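These notes concern the structure reproduced below.
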Amino acid sequence: MMALVSPYQYVWSSLEGPLAAELDASLSALGFVFTLYVVAMSLIQFPAGWWRDRYGPRAVTFVAGLLAGGGYVALAFATELWQVYAAYGIGAVGVGMVYTVAVNTAVKWFPDQRGLTTGIGTMAFAAGSAAFVPFVRYMVNVDALSTGLWSMGVLIAVGIVVGTVVLRDPPVGWHEATDEGSTDGGIEQPETSRVQYTWREMVRTWQFWVMYFMFIAVSAAGLMITARSILYAEQAGLTAGVATVAATALPIASGGGRLVVGALSDRFDRERVTALSFLACGVGTVGIVVLAGIDSGVGYVLTVSIAVFFWSSQFSLFPSLVGDYYGPKHSSTNYSLVYSGKLWGGVFGGGVVGWLVGIIGWDATFLVGGALALAAGVAGIFLRAPQ
545 MMALVSPYQY
555 VWSSLEGPLA
565 AELDASLSAL
575 GFVFTLYVVA
585 MSLIQFPAGW
595 WRDRYGPRAV
605 TFVAGLLAGG
615 GYVALAFATE
625 LWQVYAAYGI
635 GAVGVGMVYT
645 VAVNTAVKWF
655 PDQRGLTTGI
665 GTMAFAAGSA
675 AFVPFVRYMV
685 NVDALSTGLW
695 SMGVLIAVGI
705 VVGTVVLRDP
715 PVGWHEATDE
725 GSTDGGIEQP
735 ETSRVQYTWR
745 EMVRTWQFWV
755 MYFMFIAVSA
765 AGLMITARSI
775 LYAEQAGLTA
785 GVATVAATAL
795 PIASGGGRLV
805 VGALSDRFDR
815 ERVTALSFLA
825 CGVGTVGIVV
835 LAGIDSGVGY
845 VLTVSIAVFF
855 WSSQFSLFPS
865 LVGDYYGPKH
875 SSTNYSLVYS
885 GKLWGGVFGG
895 GVVGWLVGII
905 GWDATFLVGG
915 ALALAAGVAG
925 IFLRAPQ
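Its first residue numbered 545, the sequence shown is counted upward by one per residue in the numbering used here.
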């Protein structure tokens with residue numbers, strides 16, 4: 545299901561130009577469609593998470609499938625600019641609902657492997673678009689974009705609705721029962737809180753606010769690189785080939801980081817892995833500036849990949865930490881509040897970066913992003929479970 549909804553985030557860059565041409569609109573007129581997606585996808589997660597925690601995953605996922613699929617079907621028949629915004633906004637709501645269900649179902653079912661299982665799910669969200677991008681480009685080339693869009697919409701809706709058949713939550717207390725007599729092979733396992741915090745109780749703990757700051761700060765760095773890596777390479781005088789390779793490496797590094805670092809956090813101290821990962825993201829971001837400054841194309845691609853690899857781990861680390869600290873019962877609602885920090889990270893990666901570039905230049909702006917990631921890593925050193 546995560547792979548099915550991934551085109552909304554990762555295929556938009558392939559759709560923006562053809563849609564503008566079909567509607568006889570400028571690219572700037574479509575400039576806020578992706579912003580609308582980020583806002584809608586992030587904000588819906590709190591009410592969707594509450595619904596999911598209270599009534600289970602099936603009903604909310606069924607509705608999500610209809611919305612996510614319906615968004616692309618509506619987009620296929622859009623003839624006005626406002627219809628594009630409406631269709632993408634509707635689809636974004638469905639994406640956010642699917643996201644919170646998928647991530648937090650893994651948190652509830654696999655308390656001893658939260659990092660790995662959420663890493664697999666979020667990796668699918670990052671890498672699933674790989675199958676859709678060539679299809680969309682082909683449909684554009686044969687002048688059949690509308691057909692391609694509604695076909696994708698039907699596939700998304702059917703796939704998610706069918707997937708609801710197998711979704712369910714584990715029985716209450718099942719993990720405590722199966723823990724007796726089990727062994728962990730000598731591997732230190734993260735402890736799960738026996739207290740099931742509600743979101744109101746969670747926001748009264750200092751750990752929530754530290755994690756919220758960390759989520760915003762590392763998101764700012766990662767989204768800046770994701771959105772601006774090609775432009776940065778061009779202004780640095782690197783070749784178009786280097787920029788293309790760096791852009792191609794982004795989803796690969798993003799998917800790999802979620803899986804690998806998430807799995808490592810299950811085997812080692814999760815707080816330590818989180819801190820080291822975000823520190824590495826900061827170092828990689830600073831390295832982008834240093835190696836681009838000496839015209840190293842290979843170094844640029846390598847540092848972009850390193851920064852994105854360790855940034856993307858936040859999408860498996862934070863749901864795992866929330867489950868560890870506040871228990872699985874309300875994990876969907878609780879994590880959705882932490883995830884809302886992506887909104888502010890997106891504001892930095894989009895508008896604030898554009899403003900800073902005009903004032904202090906590209907290099908200094910990327911160094912600010914690197915400093916934010918380093919600050920997130922330092923903050924992670926002080927994380928510990930609520931008492």
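Note that CB positions come from ideal geometry on N, CA and C, so glycine has one too. What you are looking at is a predicted structure, and each value in this text was computed from that prediction instead of being measured.
Asked: Answer yes if the region 765-778 comes into contact with the region 607-625, meaning at least three C-beta pairs across the two stretches below 8 Å, and no otherwise.; Found: no
Asked: CB W556 to CB A620, shorter than 8 Å?; Found: no
Asked: Taking the beta carbon of T722 as the centre, do at least 16 other beta carbons fall within 10 Å, making it buried, or is it exposed?; Found: Summary for T722: the model assigns pLDDT 46, below 50, so the residue's position carries little reliability; its value from the coordinates is reported in the next sentence. Per the 10 Å Cβ criterion, exposed.
Asked: Can you say whether R712 is buried or exposed, counting buried as having 16 or more other CB atoms within 10 angstroms of its CB?; Found: exposed
Asked: By Cβ distance, which residues of its chain are closer than 8 Å to L611, with the 5 residues on each side in sequence left out?; Found: I634, G635, V637, G638 and M641
Asked: Starting from F910, trace the alpha helix (DSSP H) both ways and give me its first and last residue.; Found: W906 to G924
Asked: Label F926 either buried or exposed according to how many other C-beta atoms from any shown protein chain fall within 10 Å of its C-beta, with 16 as the threshold for buried.; Found: exposed
Asked: Would A777 be called buried (16 or more neighbouring beta carbons within 10 Å of its own) or exposed?; Found: buried
Asked: Would the beta-carbon of G800 fall within 8 Å of that of F853?; Found: yes
Asked: Near V677, which residues of its chain fall below 7 Å by C-beta distance, leaving aside the five closest residues on each side in sequence?; Found: V555 and S558
Asked: Less than 6 Å between C-beta atoms, sequence neighbours within five positions excluded: which residues of the same chain meet that for G964?; Found: In this structure the chain extends from 545 to 931, so residue 964 is not present and cannot be described.
Asked: Where does V645 land, buried or exposed, given buried means 16+ other C-beta within 10 angstroms?; Found: buried
Asked: Considering just the uninterrupted stretch of the alpha helix (DSSP H) at D597, what are its terminal residues?; Found: Q589 to Y599
Asked: I need the boundaries of the alpha helix (DSSP H) containing E624, first residue and last residue.; Found: It is not in any alpha helix (DSSP H) - E624 carries neither H nor E in the DSSP assignment.
Asked: Counting only the same chain and skipping the five closest in sequence on each side, list residues whose C-beta sits under 8 Å from that of Q751.; Found: Y869, L927, R928, A929 and P930
Asked: How far does the alpha helix (DSSP H) with F854 in it reach, from first residue to last?; Found: G841 to S856
Asked: Looking at S586 and L887, is the spacing between their C-beta atoms short of 8 Å?; Found: yes
Asked: Around the C-beta of T649, are 16 or more other C-beta atoms found within 10 angstroms, so that it is buried, or is it exposed?; Found: buried
Asked: Give me the Cα-Cα distance between Y552 and S884, rounded to the nearest whole angstrom.; Found: 18 Å
Asked: Would you mind giving the Cβ-Cβ distance between P863 and T662, rounded to the nearest angstrom? I have them listed as a contact below 8 Å.; Found: 5 Å
Asked: Cutting at 6 Å between CB atoms, please list the residues of its own chain near S856, excluding the five before and the five after it.; Found: S798, G801 and R802
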